[in-house]
Amino acid sequence: MAGHSKWANIKHRKAAQDAKRGKIFSKLIRELTVASRQGGGEVADNPRLRAAIDKALANNMTKDTIQRAIERGAGNTDGDEMEETIYEGYGPEGVAVMVECMTDNRNRTVSEVRHAFNKNGGNLGTSGSVAFMFHKQGRLTLPEGTSEEAAMEATLAAEPDDIITQDDGTLEIVTSVEGFGEVKDALIEAGIEPSASDVGSYPDNYSPIDDTDTARKVLKLFDMLEDLDDVQNVYSNADFSDAVMAELE
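If you count by the UniProt record's numbering, then the sequence shown holds residues 1 to 249, one letter each, in order.
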């Protein structure tokens, strides 16, 4: 099955920017804490926690810091009132946007998210307005040169949902949230170390962005949203063309 990972490219760009801002660790710690609070501190029994740990390690977080966050969540620390909330809306040219937040003050968070949409040519929608376009999945990008046959052989027993050939010829394995860890373990055991892996919300279909000015407006919205302390992740169905991406580099 052919496909493309334009949004993955944007996410990698954003991850680098987050790291420069020093925000990525605080977001990762929140995710580790909430994941362990909701599903327990045992990685084998908590797929969300496994994904959070993998992401934290990929961002060079120390194992001690990860363990403290897990213990804090599993211990249900008094006074930690963080809750998850998702906001949905449309950006410039009708691009669908989902914003995952963790907050101790919903009124503050929705006000800040709405302001970001309004200021950048978008509008905050109602619950369910764009969520139907997205599905929670695991995605693992394989090293360049990995054959589809090798990927299938390595992961057959783990039963991934799909293996997609990207525009650049590399492979991406799609999994359920629950199956993400098993598929990743199977790849590593077979000597195939994913070059990138994550669990997130991915759109069923993409909205092509071929105009540079529009792309800049959409990215400005992403930047403003991800600058907010309460925002964990921003997902979109924007598909930036290679020509636009080259101009924005």
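For every residue, glycine included, the Cβ atom is placed at its ideal position computed from N, Cα and C.
Neighbour-count burial assignment, residue i, 16 or more Cβ in a 10 Å radius
{"i": "M1", "result": "Bear in mind that a pLDDT of 32 at M1, under 50, signals an unreliable position, so the model cannot answer this."}
{"i": "G91", "result": "buried"}
{"i": "M98", "result": "buried"}
{"i": "N60", "result": "exposed"}
{"i": "M152", "result": "exposed"}
{"i": "S5", "result": "Any reading at S5 must be qualified, since the residue scores a pLDDT of 49, below 50, and its modelled position is unreliable; no value is offered."}
{"i": "A246", "result": "exposed"}
{"i": "P208", "result": "exposed"}
{"i": "L49", "result": "buried"}
{"i": "V244", "result": "buried"}
{"i": "I70", "result": "buried"}
{"i": "N118", "result": "exposed"}
{"i": "T62", "result": "exposed"}
{"i": "G94", "result": "exposed"}
{"i": "L171", "result": "buried"}
{"i": "E112", "result": "buried"}
Residue from the options whose Cα sits closest to the Cα of residue i
{"i": "T175", "options": "G145, Q137, E100, P143", "result": "Q137"}
{"i": "S197", "options": "A69, V177, R139", "result": "R139"}
{"i": "V218", "options": "G122, I24, V231, F134", "result": "G122"}
{"i": "F25", "options": "R68, D168, E193", "result": "R68"}
{"i": "D167", "options": "S111, M61, T141, M152", "result": "T141"}
{"i": "E144", "options": "P194, K220, A190, R108", "result": "P194"}
{"i": "N120", "options": "R106, S129, G89", "result": "G89"}
{"i": "R114", "options": "M224, Q232, F240", "result": "M224"}
{"i": "A74", "options": "T103, E81, Q38, M82", "result": "Q38"}
{"i": "D229", "options": "I53, V110, V43", "result": "V110"}
{"i": "L28", "options": "G191, Q232, S241, A238", "result": "Q232"}
{"i": "I164", "options": "S147, M82, T103", "result": "S147"}
{"i": "T126", "options": "A190, T103, Y87", "result": "Y87"}
{"i": "F132", "options": "G41, L248, N237", "result": "N237"}
{"i": "D204", "options": "I173, D162, F134, R30", "result": "F134"}
{"i": "A154", "options": "V183, D162, D211, G41", "result": "V183"}
Alpha helix (DSSP H) segment containing residue i, residue limits
{"i": "Q67", "result": "63–74"}
{"i": "P47", "result": "47–58"}
{"i": "I29", "result": "24–39"}
{"i": "G89", "result": "Run containing G89: none in the alpha helix (DSSP H); it sits in the beta strand (DSSP E), 83–90."}
{"i": "E193", "result": "E193 -> no alpha helix (DSSP H), and no H or E assigned at all."}
{"i": "T155", "result": "148–155"}
{"i": "D229", "result": "Counting along the chain, D229 falls outside any alpha helix (DSSP H), and DSSP gives it neither H nor E."}
{"i": "F180", "result": "180–189"}
Identity of the residues DSSP links to residue i by a beta bridge
{"i": "G200", "result": "Q137"}
{"i": "L171", "result": "T165"}
{"i": "Y235", "result": "M98"}
{"i": "F240", "result": "I209"}
{"i": "N123", "result": "Y90"}
{"i": "T103", "result": "E83"}
Host beta strand (DSSP E) of residue i (start-end)
{"i": "S207", "result": "207–209"}
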